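Novice: Okay, here's the structure, questions in a sec.
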Amino acid sequence: MFAFDIDTGDKRSLYRDLLQAAEALVVDEPDAIANMANVAALLWEYLPALNWAGFYRAKPEGLVLGPFQGKAACIRIPYGKGVCGTAAQTLAVQCIADVHAFPGHIACDAASASELVVPVVRHGRLVAVIDLDSPTPGRFDAEDVAGCSLLAERIAVHIDEG
Ligand code: SME
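Those letters in the sequence shown? Residues 854 to 1015, by my numbering.
Now the structure itself:
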């Protein structure tokens, strides 16, 4: 059993502790799927107001569903499609306050109102994207973007299946 000391008092402490916990989980484990599964579990347990948290893996043919928590989701997303496909194609974080206003948004769960998608890049090559969905409009802010971007940077080497 893993026990983590996560300070959920404010976002700064939350992301600091989440990052530490994620690194502790993945550092000695070479299996990418196991590492994505544990990071998805951490995000799901400690980030409030989410209805989906997980990974899409970057394959030559497009994004393919990876380890996640939440409702069953669309399995394959072409590059350039939806929020995830846009993040994957542009390698730019997508912080979307209102997914219904995003052209081409793919509704896996009708409850989703806002979304944060962070590309995981290793040596300039896309490995996966982290996808967080929330039923709360405007759930994600600059601190979430910064926290998840740092997380993506740190775990990239540990979730690279290539
Ligand atoms: N809404 C995403 C699809 C993935 S699900 O949210 C899990 C999108 O538009 O890319």
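Glycine residues also receive a C-beta, built at the ideal position from the N, C-alpha and C atoms.
For clarity, every value in this text was computed on a predicted model and none was experimentally measured.
Does the segment 937 to 945 come close enough to the segment 878 to 889 that 3 or more CB-CB pairs lie under 8 Å?
Specialist: no
Novice: Return the residue from the list Gly1015, Tyr932, Ala1005 and Glu1014 that minimises the CA-CA distance to Gln873.
Specialist: Ala1005
Novice: DSSP on Ser987, reduced to helix/strand/coil?
Specialist: strand
Novice: Quick one, what's near the ligand SME if you take every residue whose CB is closer than 5 Å to any heavy atom, in chain order?
Specialist: Trp905, Ala926, Gly935, Val936, Cys937, His958, Ile959, Cys961 and Asp986
Novice: Taking Cβ positions, are Val980 and Val971 nearer each other than 8 Å?
Specialist: no
Novice: So which of Ala926, Ser965, Phe908 and Lys924 has the shortest CA-CA distance to Ala940?
Specialist: The shortest C-alpha separation from Ala940 is found at Phe908.
Novice: Smallest Cα separation from Leu900: which of Asp984, Ile1012, Gly1015 and Ala1009?
Specialist: Asp984
Novice: So, is Ile1008 buried or exposed, given that buried needs 16 or more other C-beta atoms within 10 angstroms?
Specialist: buried
Novice: Measure the CB-CB distance between Leu903 and Ser987 and report whether it falls below 8 Å.
Specialist: yes
Novice: Measuring straight from C-alpha to C-alpha, what distance separates Arg865 and Ala893?
Specialist: Whole-angstrom Cα-Cα distance: 19 Å.
Novice: Terminal residues of the continuous alpha helix (DSSP H) containing Ser1002?
Specialist: Ala995 to Ile1008
Novice: Going by DSSP in three states, Lys864 sits in which element: helix, strand or coil?
Specialist: helix
Novice: So the beta strand (DSSP E) Gly907 belongs to, where does it begin and stop?
Specialist: Trp905 to Lys912
Novice: Between Phe921, Ala911, Asp860 and Ala950, which lies nearest to Ser965 when the distance is taken from Cα to Cα?
Specialist: Ala950
Novice: Drop a sphere of 10 angstroms on the beta-carbon of Ala954, count the other beta-carbons inside from all chains shown, and report buried for 16 or more, exposed for fewer.
Specialist: Ala954 sits exposed, since fewer than 16 C-beta atoms from the chains shown fall within 10 Å of its C-beta.
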